[in-house]
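A.B. asks:
Residue numbers (the working numbering), protein chains in the order written: chain Y, -2 to 109; chain C, -13 to 101.
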């Protein structure tokens, strides 16, 4: 079956340092990959999603590259901000079914 | 655009009681999804509808959970004989068309507490 793995449950950073949240996946099909961000007491919101035409998706300074060879879709940002503190989910869906399969989530905490 | 609307936002029930959760998808969206969020399990898929028809309920606990979509403007998730382990945030999401890369828009969730 399809699965997503996020190895870090909690990542703590000082403001201004680079961010990297890991995401690897397993899927029988060629999946679409997503990053959702959830701030405290809010709904999950799409941060970015993979494309099939080798474009690197970017949003709010975050970017991720789909590497099919390593089945990864790591989330990166060059400089963390306090407002980036949130819960981040990596997820996949396939063309055979649109339900999202989520990883366990990574809490990002950014400090001064 | 009001986004996905979920009511109630909070619900407290006693063990063995019934709970009904409501979801109003974004107007024009043809797919509606239900997920459950807990600290231990994270975000888990429950069920989804396309054009009001049930498509996949593989994540639903079969015995006490049921979902319906009687019209294009709302869906309900019903839990009979609630148990403490049903305590979670239940999230509804909708998307414009059914396709693997379509964005799902989530509602604020209903926080269910079973005492």
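For each residue, glycine too, the CB sits at the ideal point set by N, CA and C.
Should residue 100 (chain Y) be labelled buried (16 or more other beta-carbon atoms within 10 Å of its own) or exposed?
C.D. replies: Your numbering for residue 100 (chain Y) matches position 103 in the first chain. Looking at its Cβ environment, which holds 16 or more other Cβ atoms inside 10 Å, residue 100 (chain Y) is buried.
A.B. asks: Take residue 24 (chain Y) and list the residues in its own chain whose beta-carbon comes closer than 7 Å to its own, dropping the five residues that flank it on each side.
C.D. replies: Translated into the one-based positions of the first chain, residue 24 (chain Y) becomes position 27. Correct list, in chain order: -1, 89 and 91.
A.B. asks: Can you tell me which of the three DSSP states residue 23 (chain C) falls into?
C.D. replies: The residue you call residue 23 (chain C) lines up with position 37 of the second chain. Looking at residue 23 (chain C) - three-state DSSP - the assignment turns out to be strand.
A.B. asks: What's the gap between the Cα of residue 53 (chain C) and the Cα of residue -8 (chain C)?
C.D. replies: Within the second chain, numbered from 1, the residue matching residue 53 (chain C) stands at position 67. Within the second chain, numbered from 1, the residue matching residue -8 (chain C) stands at position 6. Straight-line Cα distance between these residues: approximately 14 Å.
A.B. asks: Could you check how far apart the C-beta atoms of residue 45 (chain Y) and residue 56 (chain Y) are, in whole angstroms? I think they sit under 8 Å.
C.D. replies: Along the first chain, read from residue 1 onward, the residue named residue 45 (chain Y) stands at position 48. Along the first chain, read from residue 1 onward, the residue named residue 56 (chain Y) stands at position 59. Rounded, the Cβ-Cβ distance is 5 Å, consistent with contact.
A.B. asks: Check the C-beta distance from residue 74 (chain Y) over to residue 16 (chain Y) and give it rounded, since I have them as a contact under 8 Å.
C.D. replies: The residue given as residue 74 (chain Y) occupies position 77 in the first chain. The residue given as residue 16 (chain Y) occupies position 19 in the first chain. About 4 Å; that satisfies the 8 Å criterion.
A.B. asks: Use the C-beta contact count for residue 3 (chain Y): other C-beta atoms within 10 angstroms, 16 or more gives buried, fewer gives exposed.
C.D. replies: For the purposes of this step, residue 3 (chain Y) is identified with residue 6 of the first chain, where counting begins at 1. Classification for residue 3 (chain Y): buried.
A.B. asks: Taking only the alpha-carbon atoms, compute the straight-line gap between residue 34 (chain C) and residue 29 (chain Y) and give it to the nearest angstrom.
C.D. replies: Counted from its first residue, the second chain places residue 34 (chain C) at position 48. Counted from its first residue, the first chain places residue 29 (chain Y) at position 32. Cα-Cα distance, rounded: 18 Å.
A.B. asks: Got a sec, what are the start and stop residues for the beta strand (DSSP E) residue -8 (chain C) sits in?
C.D. replies: Mapped onto the second chain, residue -8 (chain C) falls at position 6. It spans -9 to -7 - the beta strand (DSSP E) in which residue -8 (chain C) sits, taken as one unbroken run.
A.B. asks: With residue 73 (chain Y) as the anchor, note down where its beta strand (DSSP E) starts and where it stops.
C.D. replies: To locate residue 73 (chain Y), count along the first chain from 1; it is residue 76. Where residue 73 (chain Y) is concerned, the enclosing beta strand (DSSP E) stretches over 72 to 74.
A.B. asks: Touch check for the stretch 60 to 68 of chain C and the stretch 4 to 12 of chain C: three-plus C-beta pairs under 8 Å?
C.D. replies: These segments touch.
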